[in-house]
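Trainee:
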Amino acid sequence: MLIAIGLTTVVMVGVPVLLYAMDTLSSASELERAQSFADRVHNATDIVDLGQINYTSMEVVVPQYVSVSASGNTLTVTYAKEGADSFFWPNTYTHPISLTAPQGAGIYIMSISIESGEVQLVFTPL
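Residue numbers for the sequence shown follow the numbering used here, so the first one is 4 and each next one is one higher.
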C-alpha cells in the first residue's frame, strides 16, 4: 500500500514537472531559432547597407512568433510568444529601410537591394 501511494505521488508530481521542463526546452529552441533568423537578416542587410554588394537574395525560414518591422533607419526583429517574455533585435543602418514584411511563419525568399539611397528588404513567400 505504501508503495502504491509513493508511486501515485511520483506520477502526480513528476508528470507536471516533466511537462513544464519540455515546454521550457521548446521555448528555448524557439528563441534560438528567432535569434539565428535575426542575425541572418541583420548580417545580410548590413552588407547591402555598407555598399559591399548592391543586391542579395536568399531563402529563409521565418520562425513562429517572429515579426520584422522597420522605422526610418532601424530594422527590428521581434520574438513575441503569448505568455513568454518578448525579445527584440534592433539594428540601425546608414540608409532608410523600406520593408515588405513576412506575413507569418514560413519559408520566404528574402531580397535586399539598395535603390535611390534606400535599402529595400522584401520577403516573398514560397
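Backbone N, C-alpha and C fix where the C-beta goes; we use that ideal spot for every residue, glycine too. Note that the structure is predicted; figures quoted are calculated from it, not measured.
1. Can you tell me whether DSSP reads Asn76 as helix, strand or coil?
2. Would you say Val63 and Tyr111 are within 9 Å of each other, going by their C-beta atoms?
3. Look at His98 and Asp52 and say whether their C-beta atoms are less than 9 Å apart.
4. Between Val44 and Ala87, what straight-line distance do the alpha-carbon atoms span, to the nearest angstrom?
5. For the beta strand (DSSP E) that Ser114 lies in, which residues bound it at each end?
6. State the DSSP-derived secondary structure class of Gln38, mapped to helix, strand or coil.
7. Spell out whether any CB of chain C is found under 9 Å from the CB atom of Ile117.
8. Between Pro93 and the rest of its own chain, which residues show a CB-CB distance below 6 Å, the 5 nearest in sequence each way excluded?
9. Check this for me: beta carbons of Val69 and Ala37, under 9 Å apart or not?
10. Is the beta carbon of Val65 sitting closer than 9 Å to the one on Thr81?
11. Going straight from the alpha carbon of Ile117 to that of Val125, what length do you get?
12. Going along the chain, which residues of its own chain have a beta-carbon closer than 6 Å to the beta-carbon of Ser114, five neighbours each way excluded?
Mentor: Taking the coordinates as given:
1. As a first step, residue 76 is located in the sequence shown; it is residue number 73 there, counting from the start. When secondary structure is reduced to three states using DSSP, Asn76 falls in the coil class, being assigned neither helix nor strand.
2. Here residue 63 is taken as the residue at index 60 of the sequence shown, counted from 1. Here residue 111 is taken as the residue at index 108 of the sequence shown, counted from 1. Yes.
3. By one-based count along the sequence shown, residue 98 stands at place 95. By one-based count along the sequence shown, residue 52 stands at place 49. Between His98 and Asp52, the CB-CB gap stays under 9 Å.
4. For the purposes of this step, residue 44 is taken as the residue at position 41 of the sequence shown. For the purposes of this step, residue 87 is taken as the residue at position 84 of the sequence shown. Rounded to whole angstroms, Val44 and Ala87 show a C-alpha spacing of 23 Å.
5. Translated into positions along the sequence shown, residue 114 becomes position 111. Counted as a single uninterrupted DSSP element, the beta strand (DSSP E) harbouring Ser114 occupies residues 109 to 118.
6. Here the question's residue 38 lines up with position 35 in the sequence shown. DSSP places Gln38 in helix when its eight states are reduced to three.
7. Judged by its chain identifiers, the structure shown contains no chain C, having just a single protein chain.
8. On the sequence shown, position 90 is the one that residue 93 refers to. The residues are Thr77, Thr79.
9. The sequence position of residue 69 within the sequence shown is 66, counting from 1. The sequence position of residue 37 within the sequence shown is 34, counting from 1. Yes. Within cutoff.
10. As a position in the sequence shown, residue 65 is number 62, starting the count at 1. As a position in the sequence shown, residue 81 is number 78, starting the count at 1. With respect to Thr81, Val65 sits apart: the two C-beta atoms are not nearer than 9 Å.
11. On the sequence shown, residue 117 is found 114 positions in, with the first residue counted as 1. On the sequence shown, residue 125 is found 122 positions in, with the first residue counted as 1. For Ile117 and Val125, the distance between alpha carbons rounds to 11 Å.
12. Taking the first residue of the sequence shown as 1, we reach residue 114 at position 111. Excluding residues within five positions, the ones whose Cβ falls inside 6 Å are Ser60, Val125.
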